[in-house]
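Listed in order, the protein sequences are those of chains H and X.
My numbering puts the first residue of the first sequence at 1, with every later residue one more than the last.
My numbering puts the first residue of the second sequence at 1, with every later residue one more than the last.
Positions of the beta carbon are idealized from the N, C-alpha and C atoms, including for glycine.
Okay, so here's the structure we're looking at.
Protein chains: 2
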Amino acid sequence: MNCHQDFPYAGIEAGGTKFVCALASGPDDVRAQIRFPTTTPEETLGKAIAFFKANEPFSAMGIGTFGPCDLNPSSPTYGYITSTPKMGWANVDLLGIFRQAFAVPIGFDTDVNVAALGESKWGAGLGLDMVIYLTVGTGIGGGGVLNGQMMHGLIHPEMGHLRLPRITRADDFQGICPYHGDCLQGLASGPAIEARWGKSAAELPPDHPAWQIEARYLALAVSNVIFVLSPQRIIMGGGVMHQKHLLPLIRTEVQGLLNGYVQSPMILERIDEYIVPPGLGDRSGILGAVALAKHTAEKG
Amino acid sequence: MNCHQDFPYAGIEAGGTKFVCALASGPDDVRAQIRFPTTTPEETLGKAIAFFKANEPFSAMGIGTFGPCDLNPSSPTYGYITSTPKMGWANVDLLGIFRQAFAVPIGFDTDVNVAALGESKWGAGLGLDMVIYLTVGTGIGGGGVLNGQMMHGLIHPEMGHLRLPRITRADDFQGICPYHGDCLQGLASGPAIEARWGKSAAELPPDHPAWQIEARYLALAVSNVIFVLSPQRIIMGGGVMHQKHLLPLIRTEVQGLLNGYVQSPMILERIDEYIVPPGLGDRSGILGAVALAKHTAEKG
């Protein structure tokens, strides 16, 4: 018998723009939640700790963070945010700060791996062995759950930095990635859209030529993910994906790019079920963090 | 006690150009081997069956095949080669033909997943959780072993069809892939090299400009695999990789393309241990098939 069985789990979605903290046992039982902008580490982590202190007890914690971060438990910098360009956040010992504050098991992973876990447990990835979650917003990132495990390796996926062909030779937008210029994130993130068109994604009307270009670059990225991994489903979330006309354009472009080569009915006939929005809406990340806490508690 | 413990395993490397069949228990105990060109299914499979009939008994069989192929055990076409452009081989029930001939457990997977398994068990992937094997030859393909399991999903990886940027806008070689023109395989396979330069890879001297171009496209592909999967090691085999000057060029290009973003010592300082030739030389595929047979026997 587990004496903690009625305690909820603590989840943290540590985003580069905002933090979300919640106490919950699942999507239908969110007992407390708070959301605030990501400012300095001191202020931001102070608010998160104060929230959880006010809501003890809980039986475990899960953190899904922006990155790059160190996911290797045997590394001396395990749980750190590492080489982020985000001011003040490079080399922050995110996991250590929460470990010092709370004596519960704490799981730590990337925001996108954790969102994939949430979708896999309670959303659009339910029942599948191999699910990818891509977010398209201020940045572009991808993670996944493969046979119940989040994607780790040398470090973790960095799908936002995929190199893609230009959709036409006439496209001379330089891209905005400080590392790679015209990688996926450099060409198709929210800030890239704004740099290219002088307007944000939300301000561009659905019939603006921007969307065909955006769909084409995202479809090239999705195709490359299919060629490398052959996932069973690709879930696309994030702020830019809020423009509902974008997803159908991406699906059509992916079919065109694959050109009948990947002979699965999921691609050829049922692509609406293959490239999908998050089943948990904007809650994939925070509920994924709760799922990670649960997972961490269960494995002891 | 297992009464079959002294029987060897049967391995088949079913390539688009040649078949290799072996009876072995591991790299140091190959008891019989045969190799012949891939011609018609009847002739080729007839030779393979005759070889194994002459070498019975064996306790299990492993098949690593060219593809695309159906790896889904619950599919009615499980074990088939599916949409290959190779004359006569589309919709061949490869697994079924061997099942009919031999009453032993038979494992079935792609040639590159199986080569990754071989390298993982006895070669350059030993002790690692996440290893990718890329072959660059008549075709380009990639597979991998992730936490002991070969890469399956919707279908299986098709890394040869990755879409890549052109290395310069002046590169107007159209590519030779019948499905995608200038995908990775269209730009950098052995036949693509020959179509571009009028000479085979083996005929081009090491200081020919072809090699810088080849290295750059392969490095773009390797970078994309790193961004999607973050593997712990990438093993590069196949006929084109026999040109020993190519691998060092690829390593340098990968470092340039990642541009310090993936902050691992394996990339920044020890790339010679990160992108490596097969530990089993040209035997990754056939020994991988033997490893698959062993694996199939052990799981019952």
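Inset, instruction - In the DSSP assignment, find the unbroken alpha helix (DSSP H) run with Pro41/H in it and report its ends. - result: What you label residue 41/H is simply residue 41 of the first sequence in a count that begins at 1. Where Pro41/H is concerned, the enclosing alpha helix (DSSP H) stretches over Pro41 to Ala54.
Inset, instruction - Check whether the Cβ of Val92/H lies closer than 7 Å to any Cβ atom in chain X. - result: As a first step, residue 92/H is located in the first sequence; it is residue number 92 there, counting from the start. Chain X contact via Cβ: absent.
Inset, instruction - Examine chain X for any beta-carbon lying closer than 7 Å to the beta-carbon of Ser264/H, and answer yes or no. - result: Locating residue 264/H in the first sequence gives position 264, where the first residue counts as 1. Interface residue, yes.
Inset, instruction - Could you tell me if Ala170/X is buried or exposed, where buried requires 16 or more neighbouring beta carbons within 10 angstroms of its beta carbon? - result: Residue numbering aside, residue 170/X sits at position 170 when the second sequence is read from its first letter. Flag for Ala170/X reads exposed.
Legend entry - Closer than 7 Å at the beta carbon, the chain X residues around Val225/H: Position 225 of the first sequence holds residue 225/H. Under the 7 Å cutoff, chain X gives Val228.
Inset, instruction - Quick one: measure Cβ to Cβ for Ala192/H and Gly186/H, integer angstroms, because I've assumed they're closer than 8 Å. - result: Counting from 1 along the first sequence, the entry for residue 192/H is found at position 192. Counting from 1 along the first sequence, the entry for residue 186/H is found at position 186. The pair is a contact, with the Cβ atoms about 6 Å apart (cut-off 8 Å).
Inset, instruction - Report the partner residues of Arg166/X according to the DSSP bridge assignment. - result: The residue you call residue 166/X lines up with position 166 of the second sequence. Bridge pairing for Arg166/X: absent [DSSP].
Inset, instruction - May I have the straight-line CA-CA distance separating Met1/X from Met130/X, to the nearest angstrom? - result: On the second sequence, residue 1/X is found 1 positions in, with the first residue counted as 1. On the second sequence, residue 130/X is found 130 positions in, with the first residue counted as 1. Because the pLDDT of Met1/X is 41, which lies under 50, any placement of that residue in the model is unreliable, and the number read from its coordinates should be weighed accordingly. Met1/X and Met130/X: Cα-Cα distance of roughly 33 Å.
Inset, instruction - Just tell me which of Arg31/X, Asn224/X and Gly239/X has its CA closest to the CA of Ala10/X. - result: Translated into the one-based positions of the second sequence, residue 10/X becomes position 10. Selected option, being the one with the closest Cα: Arg31/X.
Legend entry - Check whether Leu229/X and Gln232/H have beta carbons under 7 Å apart: The count along the second sequence starts at 1 and reaches residue 229/X at position 229. The count along the first sequence starts at 1 and reaches residue 232/H at position 232. Contact annotation: Leu229/X and Gln232/H have beta-carbon atoms that are not nearer than 7 Å.
Inset, instruction - Just the chain X side, please: which residues come within less than 9 Å of Gln232/H by C-beta, in chain order? - result: Your numbering for residue 232/H matches position 232 in the first sequence. Near Gln232/H (Cβ distances below 9 Å), the residues of chain X are Gly153 and Leu154.
Legend entry - Neighbourhood of Ala245/H by C-beta, 7 Å cutoff - its chain only, sequence neighbours within 5 removed: Taking the first residue of the first sequence as 1, we reach residue 245/H at position 245. A small correction: the amino acid at residue 245/H is His; Ala does not occupy that position in the sequence shown. For His245/H, where only same-chain residues beyond five positions count, the Cβ hits under 7 Å are Pro206 and Trp211.
Inset, instruction - Please go through the stretch 12-44 of chain H and give each complete alpha helix (DSSP H) segment of 4 or more residues, from N-terminal end onward. - result: Runs found: none.
Inset, instruction - Classify Tyr179/H as helix, strand or coil using the three-state DSSP reduction. - result: What you label residue 179/H is simply residue 179 of the first sequence in a count that begins at 1. Three-state DSSP puts Tyr179/H in coil, outside helix and strand.
Legend entry - Continuous alpha helix (DSSP H) assignments of at least 4 residues falling wholly in the stretch 90-122 of chain H: 94-101 and 111-122
Inset, instruction - Starting from the beta carbon of Asn147/H, find every residue of chain X whose beta carbon is closer than 9 Å, and list them in chain order. - result: The residue labelled residue 147/H in the question sits at position 147 within the first sequence. Here the neighbours are Leu146, Asn147 and Gln149.
Inset, instruction - Could you tell me the boundaries of the beta strand (DSSP E) in which Tyr133/X lies? - result: As a first step, residue 133/X must be located in the second sequence, where it is residue number 133. Residues Met130 to Val136.
Legend entry - Closest by C-alpha distance to Glu56/X, when choosing among Val112/X, Thr44/X and Leu23/X: Within the second sequence, numbered from 1, the residue matching residue 56/X stands at position 56. Selected option, being the one with the closest Cα: Leu23/X.
Legend entry - Within chain X, partners of Thr82/H - CB distance below 9 Å: For the purposes of this step, residue 82/H is identified with residue 82 of the first sequence, where counting begins at 1. The contacting residues are Gln263.
Inset, instruction - Could you have a look at Thr65/X and say whether DSSP puts it in helix, strand or coil? - result: As a position in the second sequence, residue 65/X is number 65, starting the count at 1. Here Thr65/X sits in strand by DSSP.
Inset, instruction - Classify Gln243/H as helix, strand or coil using the three-state DSSP reduction. - result: Working through the first sequence from its first residue, we reach residue 243/H at position 243. Looking at Gln243/H - three-state DSSP - the assignment turns out to be coil, as it is neither helix nor strand.
Inset, instruction - Report the neighbours of Tyr179/H on chain X: residues whose CB is nearer than 9 Å to its CB, in chain order. - result: Reading the first sequence from its first residue, position 179 is the one you call residue 179/H. By Cβ distance, chain X contributes Leu258, Asn259, Gly260 and Tyr261.
Inset, instruction - May I ask which residues mark the beginning and end of the alpha helix (DSSP H) holding Leu146/X? - result: Your numbering for residue 146/X matches position 146 in the second sequence. Careful: Leu146/X lies outside any alpha helix (DSSP H), inside the beta strand (DSSP E) at Ile140 to Leu146.
Inset, instruction - Taking the CB atoms as reference points, tell me whether Glu13/H and Gly285/H lie closer together than 7 Å. - result: Here residue 13/H is taken as the residue at index 13 of the first sequence, counted from 1. Here residue 285/H is taken as the residue at index 285 of the first sequence, counted from 1. Taking 7 Å as the Cβ cut-off, Glu13/H and Gly285/H qualify as a contacting pair.
Inset, instruction - Could you give the DSSP three-state label for Gly281/H: helix, strand or coil? - result: As a first step, residue 281/H must be located in the first sequence, where it is residue number 281. Gly281/H sits in a helix when the DSSP states are folded into three classes.
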